[in-house]
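S.K.: In case it helps, the numbering used here puts the sequence shown at residues 29 to 405. This is the structure I have questions about; it appears just below.
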Amino acid sequence: MIPPRKTRTIRIRDLEVGGAAPIAVQSMAATRTRDLEATARQIRILSAAGADLIRIAVDSKEDVAALAKLRAATDARLSVDLQENYRLAETVAPFVDKVRYNPGHLHHHEKHKSVHDKVAFLVGVAQKNDCALRIGINAGSIAPEYDARFPDDHVSAIVACAIDHCALVDGLGFTNYVVSIKDSDPRLVIDANTKFAAERPDVPIHLGVTEAGMPPEGIIKTRIAFEQLLSRGIGDTLRVSLTLPFDDKGREIEVGRELIHDIENGRFRSVPPNFFDGLNIIACPSCSRVENERFIELAEDVKRMTAYAKEHDLTIAVMGCRVNGPGETDDADLGLWCGPNFVNLKRGEADVGAFSYDDILGKLKAELDALIAARPR
Ligand code: SF4
């Protein structure tokens, strides 16, 4: 049930992705990279689960130093997530097999430099270190110029951004790259990836539904997107992004392989037409930026505490850090994001305040009750 894919084949060290190669399954360490012991444990857990590639996020010089040590201690294929500091590529590329940059983050540093020059720098680093690249686009962090061009149309904005960045990288003579276009809504993921694949059928695609949240809903959202895309021959590598206790992260790999196996064998799960009705909880999978390990517990508590509101069409977003939290919660009715000692709470675009980990659930419930009371009956 997965038709032959027509993308070109790229190489991530000895792993082929695209074309006739098997669909590669990857994941990401959820721990702070500088916490060497915890991150080494993540790599062991994901390797044991059969990950083809493991991504590590790097934000700082301490993270770079940790990555060098992690590289020395594992044979796993590693990919690095540059977050906002694209310049770090130069120092981390020697330790990894693939570098991911987000076009929506390039404007944060060195504002005087053009996007072309920044991408040329990244391509040069990838060539010098024999790394693959991922152009990783996320609907939660759209590059400002595309947001301005398509203010009310996320799909057109992110597809145009993906196509332009492919043209930029092609123009620099580099073809060893994949593209990902992710969102927390599987319907947007299906739409955007279908449009991108129609425009660039040659470019290998990395699939994912970001911030899908906790199982089972997070798995169902991912399955909805992957069934629709893989069955059309779209998708060469994938990541299942779930909010799980750190020691259970191997589950992301197992679920990825189960989904591929089911789709290959024509086992599609039907989803009731009202699946998207009612309360929607979005939660990030955690990464090196997570500010307090209580984040996973918090996400689970939010799900449990809000179960009484399941009939209401509301979205609650729970994010692990202050860097991406404010932006990634923009479209939610209620948004929470973690700091080291406090959890920030937002109602729509209005800040409600920062509350201790012990107090946040009570504040969230008060806001949720007020939203429900204000809705027309
Ligand atoms: S919201 Fe922050 S902690 Fe969560 S995955 Fe994104 S960057 Fe990592």
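A virtual CB, placed ideally from N, CA and C, is assigned to each residue, including glycine.
Classify His133: buried if its beta carbon has 16 or more other beta carbons within 10 angstroms, exposed otherwise.
M.R.: Buried is the call here.
S.K.: Quick check: does the Cβ of Ala66 come within less than 8 Å of any heavy atom belonging to ligand 1?
M.R.: Answer for Ala66: no, Cβ out of range of ligand 1.
S.K.: Looking only at C-alpha atoms, which of Asn166, Asn204 and Gly164 sits nearest to Gly46?
M.R.: The option with the nearest alpha carbon to Gly46 is Asn204.
S.K.: With 16 other CB atoms within 10 Å as the buried threshold, where does Pro182 fall?
M.R.: Before going on, a small fix: residue 182 reads as His here, not Pro. Looking at its Cβ environment, which holds 16 or more other Cβ atoms inside 10 Å, His182 is buried.
S.K.: Thinking just about the alpha-carbon of each residue, which of Asn221, Glu239 and Ala167 is nearest to the one in Pro232?
M.R.: When each option's Cα is compared against that of Pro232, the closest is Asn221.
S.K.: Is the Cβ of Asp387 closer than 9 Å to any Cβ of chain B?
M.R.: Chain labels in this structure do not include chain B; a single protein chain is all it has.
S.K.: Look up Val318 in the DSSP assignment and say whether it is helix, strand or coil.
M.R.: Coil.
S.K.: Going along the chain, which residues of its own chain have a beta-carbon closer than 6 Å to the beta-carbon of Val268, five neighbours each way excluded?
M.R.: Closer than 6 Å at the Cβ level, and outside the excluded window around Val268, lie Thr250, Glu280, Val283 and Gly284.
S.K.: Pull up the CB-CB distance for Leu392 and Leu373, whole angstroms please, since I reckon it's below 8 Å.
M.R.: The Cβ separation is near 6 Å, so the contact holds.
S.K.: Given a cut-off of 9 Å on the beta-carbon distance, is the pair Leu266 and Ile288 in contact?
M.R.: Taking 9 Å as the Cβ cut-off, Leu266 and Ile288 qualify as a contacting pair.
S.K.: Which residue from Pro179, Lys331, Ile218 and Glu227 puts its Cα closest to that of Asp192?
M.R.: The option with the nearest alpha carbon to Asp192 is Glu227.
S.K.: From the DSSP output, in three-state form, read off Val206 for me.
M.R.: Three-state result, Val206: strand.
S.K.: Under 9 Å, do Gly381 and Gly168 count as touching if we go by C-beta distance?
M.R.: Taking 9 Å as the Cβ cut-off, Gly381 and Gly168 do not qualify as a contacting pair.
S.K.: Closer than 5 Å between the C-beta and any heavy atom of ligand 1: which residues qualify, listed along the chain?
M.R.: Qualifying residues come out as Cys312, Cys315, Arg317, Val318, Met347, Gly348, Cys349 and Asn352.
S.K.: Between which two residues does the beta strand (DSSP E) harbouring His234 extend?
M.R.: Ile233 to Leu235 is the extent of the beta strand (DSSP E) around His234.
S.K.: Is the number of C-beta pairs between the region 119-130 and the region 91-101 that are closer than 8 Å three or more?
M.R.: Verdict: yes, contact present.
S.K.: Report the rounded CA-to-CA distance for Leu95 versus Gly236, giving the unit in angstroms.
M.R.: So the alpha carbons of these two residues sit roughly 24 Å apart.
S.K.: If I measure Cβ to Cβ from Arg350 and keep anything under 8 Å in the same chain, skipping five residues before and after, which residues do I get?
M.R.: So the qualifying residues of the chain are Glu319, Trp365, Cys366, Gly367 and Asn372.
S.K.: Do you know offhand how far Arg60's Cα is from Tyr385's?
M.R.: Each residue's Cα considered, the two are about 19 Å apart.
S.K.: Bridge partners of Met56, per DSSP?
M.R.: Beta-bridge pairing links Met56 to Arg83.
S.K.: State the start and end residues of the unbroken beta strand (DSSP E) segment that holds Ile344.
M.R.: Run containing Ile344: Thr343 to Met347, per the beta strand (DSSP E) assignment.
S.K.: Under a three-way DSSP split, which group does Thr67 fall into?
M.R.: Correct three-state label for Thr67: helix.
S.K.: Drop a sphere of 10 angstroms on the beta-carbon of Phe303, count the other beta-carbons inside from all chains shown, and report buried for 16 or more, exposed for fewer.
M.R.: Looking at its Cβ environment, which holds fewer than 16 other Cβ atoms inside 10 Å, Phe303 is exposed.
S.K.: On the DSSP bridge list, what partners appear for Glu44?
M.R.: According to DSSP, which records beta bridges pairwise, Glu44 is partnered with Arg39.
S.K.: Alpha carbon to alpha carbon, what distance is there between Asp175 and Cys315?
M.R.: One C-alpha to the other measures close to 26 Å.
S.K.: May I ask you to report which of helix, strand or coil DSSP gives Leu150?
M.R.: The answer is helix: DSSP assigns Leu150 an H, G or I state.
S.K.: For the beta strand (DSSP E) containing Ala382, list its first residue and its last residue.
M.R.: Ala378 to Ser384 is the span of the beta strand (DSSP E), which, as asked, contains Ala382.
S.K.: Under the three-state reduction of DSSP, which class applies to Ile164: helix, strand or coil?
M.R.: At residue 164 the sequence reads Gly, which differs from the Ile that was named. Strand.
S.K.: Is it true that the CB of Val217 sits closer than 9 Å to the CB of Lys210?
M.R.: Closer than 9 Å, so yes.
S.K.: May I ask you to report which of helix, strand or coil DSSP gives Lys311?
M.R.: A quick correction: the sequence has Ala, not Lys, at residue 311. Ala311: strand per DSSP, three-state reduction.
S.K.: If you drop the 5 nearest sequence neighbours on each side, which residues of the same chain put their C-beta closer than 7 Å to that of Cys159?
M.R.: Excluding positions up to five away in sequence, the list reads Ala121, Val124, Asp125, Lys126 and Val127.
S.K.: Just mark Lys277 as buried or exposed, buried being the case when its beta carbon has 16 or more other beta carbons within 10 Å.
M.R.: Buried.
S.K.: I need the DSSP call for Asp387, collapsed to helix, strand or coil.
M.R.: If DSSP states are grouped into helix, strand and coil, Asp387 belongs with coil.
S.K.: Less than 6 Å between C-beta atoms, sequence neighbours within five positions excluded: which residues of the same chain meet that for Cys312?
M.R.: Excluding sequence neighbours, Cys312 sits near Glu239, Met347 and Gly348.
S.K.: Take Asp230 and list the residues in its own chain whose beta-carbon comes closer than 8 Å to its own, dropping the five residues that flank it on each side.
M.R.: Lys34, Thr35 and Arg36, listed in sequence order.
S.K.: In this structure, does DSSP put Lys34 in helix, strand or coil?
M.R.: Lys34: coil per DSSP, three-state reduction.
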